[in-house]
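Visitor:
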Ligand SMILES: [Zn+2]
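Numbering (this note's numbering), first residue to last: 2 to 354.
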């Protein structure tokens with residue numbers, strides 16, 4: 002922009018001209034990656050606090066409290082906004098560590114216990130001090146989450162417009178020339194995606210087509226192979242897992258027999274329509290819906306058991322679980338107003354067991 006134009010705008014709007022980097026709410030705002038010098042202020046702030054405390058005689062327990070409540074709070078404010086340079090985080094750990102063991106901020110003495118043990122929860126033999134490297138990454142997940150949730154804010158709109166465009170966020174791979182922060186956020190997304198699978202946790206509003214199956218994980222370079230963990234011989238796609246896998250087929254066959262629904266084809270496609278044919282009563286149909294939903298959930302659970310605990314639940318155990326869990330559901334649905342036919346149908350399902 003031309004100099005004259007800039008001056009005109011300033012005059013017209015009454016705004017003062019600023020320059021990057023500047024400080025906003027106590028943190029530096031910059032167009033480039035935060036440098037170690039930019040963070041000096043943060044490290045100095047912590048060091049100053051430690052210097053004041055070091056003149057007093059504080060017990061170990063007191064120092065643990067101070068590290069956790071004061072030093073970590075100073076750090077977590079910055080760490081919830083930026084990805085801090087590794088060197089800065091290492092410096093922060095250094096200050097905390099020497100204050101904890103020596104009561105001052107610049108000790109070079111050997112620590113009595115390794116820092117990663119100190120950072121464990123108290124139940125696991127640590128002191129419950131925040132691991133600031135992990136904390137920093139965990140705090141950045143909120144950006145990943147905001148993009149996933151399509152949060153209505155300027156930044157999300159901007160990354161969608163500039164980077165993601167029409168691509169799926171789950172599968173998006175950042176171009177090599179994109180900025181360091183953006184690449185880092187994408188790496189954090191991949192790291193935490195594995196955690197989503199581990200917990201069998203699906204984000205709200207997502208359908209099963211977005212599940213992180215092994216085919217997806219292979220693409221994201223999280224998994225080394227793409228085989229189905231349950232039957233072992235097919236590529237684990239959503240299609241395979243929920244429509245073709247032997248485990249699903251066997252469970253579905255058992256459930257169809259249990260509910261005495263004569264259907265010739267045992268697959269999930271169109272099953273609800275076929276299986277509810279001739280069933281009277283809204284409650285009974287709702288019960289069947291609950292059984293199918295539970296089956297889909299259990300297949301995903303079985304797959305995660307295979308992935309994380311190296312065991313594949315048997316079709317029998319899966320079906321028994323579904324029957325038990327749906328029993329509670331039907332107990333809620335069936336009441337005095339239910340027809341005799343409805344009650345009889347449900348009764349005999351559970352009498353047979
Ligand atoms: Zn399979």
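Built from N, CA and C at the ideal position, the CB exists for glycine as well.
Using beta-carbon positions only, say whether residue 133 and residue 127 come within less than 8 Å of one another.
Guide: no
Visitor: Beta-carbon separation of residue 138 and residue 189 under 8 Å?
Guide: yes
Visitor: Going by DSSP, name the residue or residues bridged to residue 25.
Guide: Answer is 28.
Visitor: What number of angstroms, rounded off, separates the C-alpha of residue 157 from the C-alpha of residue 74?
Guide: 27 Å
Visitor: Starting from the C-beta of residue 280, find all residues in its chain whose C-beta is less than 7 Å away, skip the five residues before and the five after it, and write them out in chain order.
Guide: 286 and 289
Visitor: Taking only three categories from DSSP, how would you classify residue 202?
Guide: With a pLDDT of 45 at residue 202, under the threshold of 50, the modelled position of that residue is not reliable, and no figure is offered here.
Visitor: Can you tell me whether residue 235 sits near ligand 3, meaning its C-beta is under 7 Å from at least one heavy atom of the ligand?
Guide: Although ligand 3 was asked about, the structure shown includes only ligand 1 as ligands.
Visitor: Is the CB-CB distance between residue 338 and residue 319 below 8 Å?
Guide: Between residue 338 and residue 319, the CB-CB gap reaches or exceeds 8 Å.
Visitor: Which whole-angstrom value describes the C-beta separation of residue 47 and residue 93, a residue pair presumed to lie in contact below a C-beta threshold of 8 Å?
Guide: 6 Å
Visitor: Could you check the C-alpha separation between residue 202 and residue 322 for me, to the nearest Å?
Guide: With a pLDDT of 45 at residue 202, under the threshold of 50, the modelled position of that residue is not reliable, and the figure given next carries that caveat. Each residue's alpha carbon lies about 20 Å from the other.
Visitor: Where does the unbroken alpha helix (DSSP H) through residue 39 begin, and where does it stop?
Guide: Unbroken run through residue 39: none, as it is neither H nor E.
Visitor: Regarding residue 247 and ligand 1, is the C-beta to nearest heavy atom distance less than 7 Å?
Guide: Yes.
Visitor: Is it the case that the CB of residue 231 approaches a heavy atom of ligand 1 more closely than 7 Å?
Guide: Residue 231: yes, Cβ under 7 Å from ligand 1.
Visitor: Quick check on residue 20: does DSSP put it in helix, strand or coil?
Guide: The answer is coil: DSSP assigns residue 20 none of H, G, I, E or B.
Visitor: Given residue 306, which residues of its chain have a CB within under 8 Å of its CB, disregarding the five upstream and five downstream residues?
Guide: 312, 313 and 314
Visitor: Compare the Cα-Cα distances from residue 326 to each of 309, 302, 335 and 295 and report the closest residue.
Guide: 295
Visitor: Are the CB atoms of residue 68 and residue 130 within a distance shorter than 8 Å?
Guide: By the CB criterion at 8 Å, residue 130 and residue 68 fall inside the cutoff.
Visitor: Does the Cβ-Cβ distance between residue 91 and residue 37 come in under 8 Å?
Guide: no
Visitor: What does DSSP give as the partner residue(s) for residue 228 in the beta ladder?
Guide: 236
Visitor: Kindly list the residues whose CB is nearer than 6 Å to the CB of residue 101, restricted to its own chain and excluding five residues on each side of it in sequence; keep chain order.
Guide: If you ignore the 5 residues before and after residue 101, its C-beta comes within less than 6 Å of the C-beta of 64 and 68, all in its own chain and listed in chain order.
Visitor: Would residue 104 pass as an interface residue toward chain C - the criterion being a Cβ-Cβ separation below 8 Å?
Guide: As a matter of chain content, chain C is missing from the structure shown, which is built from one protein chain.
Visitor: Going by the C-beta, is residue 76 closer than 7 Å to any heavy atom of ligand 1?
Guide: no
Visitor: Determine the contact status of residue 1 and residue 148, defining contact as a CB-CB distance below 8 Å.
Guide: Because the chain in this structure spans residues 2 to 354, residue 1 falls outside the shown range and cannot be described.
Visitor: Going by beta-carbon coordinates alone, are residue 51 and residue 110 separated by less than 8 Å?
Guide: No, these two residues do not count as a Cβ contact at 8 Å.
Visitor: Would you mind sorting residue 99 into buried or exposed? The rule is 16 or more other CB atoms within 10 Å of its CB.
Guide: buried
Visitor: I'd like to confirm something about residue 281: is its beta-carbon nearer than 7 Å to some heavy atom of ligand 1, or not?
Guide: no
Visitor: Three-state secondary structure (DSSP) at residue 349?
Guide: Three-state DSSP puts residue 349 in a helix.
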